[in-house]
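A.B. asks:
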Amino acid sequence: MQHGDRIKVVRGIHIRVRKAYKERILFGGVYGSTAIGRDTEYSDIEMMYVMREGFPAKNLTFLYQGLPVEVNFLPVDAIGSWFEKIDLALPIHMGNVSTLQLWIGEDRHREEVLARYAQMPDEAIARFFIEHGSEIAYESFNKIQSIPRRANKRDRELFVYEVAHEIALAVALINRKPLTKGYMSGIKESYEFEEVPDDYKELAEAFLNSADVKESIETGRRLLESYERFVRKMGYKVRSVQTLDEIDWTS
122 MQHGDRIKVV RGIHIRVRKA YKERILFGGV YGSTAIGRDT EYSDIEMMYV MREGFPAKNL
182 TFLYQGLPVE VNFLPVDAIG SWFEKIDLAL PIHMGNVSTL QLWIGEDRHR EEVLARYAQM
242 PDEAIARFFI EHGSEIAYES FNKIQSIPRR ANKRDRELFV YEVAHEIALA VALINRKPLT
302 KGYMSGIKES YEFEEVPDDY KELAEAFLNS ADVKESIETG RRLLESYERF VRKMGYKVRS
362 VQTLDEIDWT S
């Protein structure tokens, strides 16, 4: 399916969504590669509609002539919860919002969401790193270090990607920037943010291009150490202890 045909499908979906929900939609449209014109004949179709308060709707997923289609209906209060309970997917959510090609609604509503992200207080980011910082990169890096014991060398490149991608998301979150691209392109996008770890691009590229387990461990450790220094420099802390008695078990 070529781009023009894909847009016809988007238009057909949009007409039906408007008919079904009429004035309940705050804003919405298509996002992803179709919205920015980088789709191929194999690309899926991703659409998003933010619903006014009190008008929930169920997401739809289906195959259209063999192509996956997602039509996501987000209650506006669900977007509010993104900022109240921050997780590492927030830069991706904001990337989807920022690349959304509006087919209905006023752009000011979308800009209000992006402004809220850009203006998130340090306290909210600091709380995220205390509560979830230990989940970023460490587990996947330790999986790489475990490969010699487990003899699962085919998993190495997957674990390398997981480490680099999680660090990229954390860097995006600290910068309050959307991550608008997926997979490796998203990692490279994070190199361009204003605040990044020292030698970030060089260390990340060396890690991503590592050829074997030994090299992945060596380059990954350097990247992880630079990332840790960066988090501290930005004023955030990851909960790290040497004894269990250091944990406040009532908090």
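The numbering used here applies: residue 122 is where the sequence shown begins, and numbers increase by one. Glycine is no exception: its CB is placed at the ideal position from the N, C-alpha and C atoms.
(1) Since M168 is in the beta strand (DSSP E), which residue starts that stretch and which ends it?
(2) What residue does the beta strand (DSSP E) around I146 start on, and which one ends it?
(3) Let's see if you can read the secondary structure: which residues bound the beta strand (DSSP E) around N193?
(4) Could you check which residue in A245, V138, I268 and R237 has the C-alpha nearest to that of I338?
(5) Report, in whole angstroms, the separation of the C-beta atoms of R173 and L147, which I expect to be a contact under 8 Å.
(6) Just reading off the alpha helix (DSSP H) that G216 is part of, what are its end residues?
(7) Which whole-angstrom value is the C-beta distance of T340 and L324, which I expect to be below 8 Å?
(8) Given this structure, state the Cα-to-Cα distance separating V218 from N193, to the nearest angstrom.
(9) Using 7 Å as the threshold, is the C-beta distance between G216 and P299 below it?
(10) What's the call for Y238, buried or exposed, on a 16-neighbour Cβ count within 10 Å?
(11) Report the rounded CA-to-CA distance for Y304 versus A258, giving the unit in angstroms.
(12) List the DSSP bridge partners of I225.
(13) Just curious, the alpha helix (DSSP H) that L344 is in, first and last residue?
(14) List the endpoints of the continuous alpha helix (DSSP H) containing Y304.
(15) Roughly how many whole angstroms lie between the Cα atoms of H124 and D160?
(16) With a 10 Å radius around its C-beta and 16 neighbouring C-beta atoms as the bar for buried, classify W224 as buried or exposed.
(17) Between the C-alpha atoms of S361 and I246, what's the straight-line distance to the nearest angstrom?
(18) Considering only the beta carbon of each residue, do Y152 and T220 sit closer than 7 Å?
(19) Helix, strand or coil for Y185? Go by DSSP, reduced to three states.
C.D. replies: Per the coordinate set shown:
(1) For M168, the uninterrupted beta strand (DSSP E) segment begins and ends at I166 to M172.
(2) Counting along the chain, the beta strand (DSSP E) containing I146 begins and ends at I146 to Y152.
(3) Per DSSP, N193 belongs to the beta strand (DSSP E) from L188 to P196.
(4) Selected option, being the one with the closest Cα: I268.
(5) Yes, R173 and L147 are in contact; Cβ-Cβ is about 5 Å, under 8 Å.
(6) Residues L211 to S219.
(7) Contact between T340 and L324 holds: their C-beta atoms lie close to 7 Å from each other, under 8 Å.
(8) The C-alpha of N193 is placed about 12 Å away from the C-alpha of V218.
(9) Yes, they are a contact pair.
(10) Of the other Cβ atoms in all chains shown, 16 or more fall within 10 Å of the Cβ of Y238; this residue is therefore buried.
(11) Each residue's alpha carbon lies about 15 Å from the other.
(12) Answer by DSSP bridge pairing, in chain order: G149.
(13) V334 to K354 is the extent of the alpha helix (DSSP H) around L344.
(14) Segment Y304 to S311, the alpha helix (DSSP H) holding Y304.
(15) D160 has its alpha-carbon roughly 7 Å from the corresponding atom of H124.
(16) Taking all protein chains in view, the Cβ of W224 is crowded by 16 or more other Cβ atoms within 10 Å, so the residue is classified as buried.
(17) Their Cα atoms are separated by approximately 17 Å.
(18) Closer than 7 Å, so yes.
(19) Strand at Y185.
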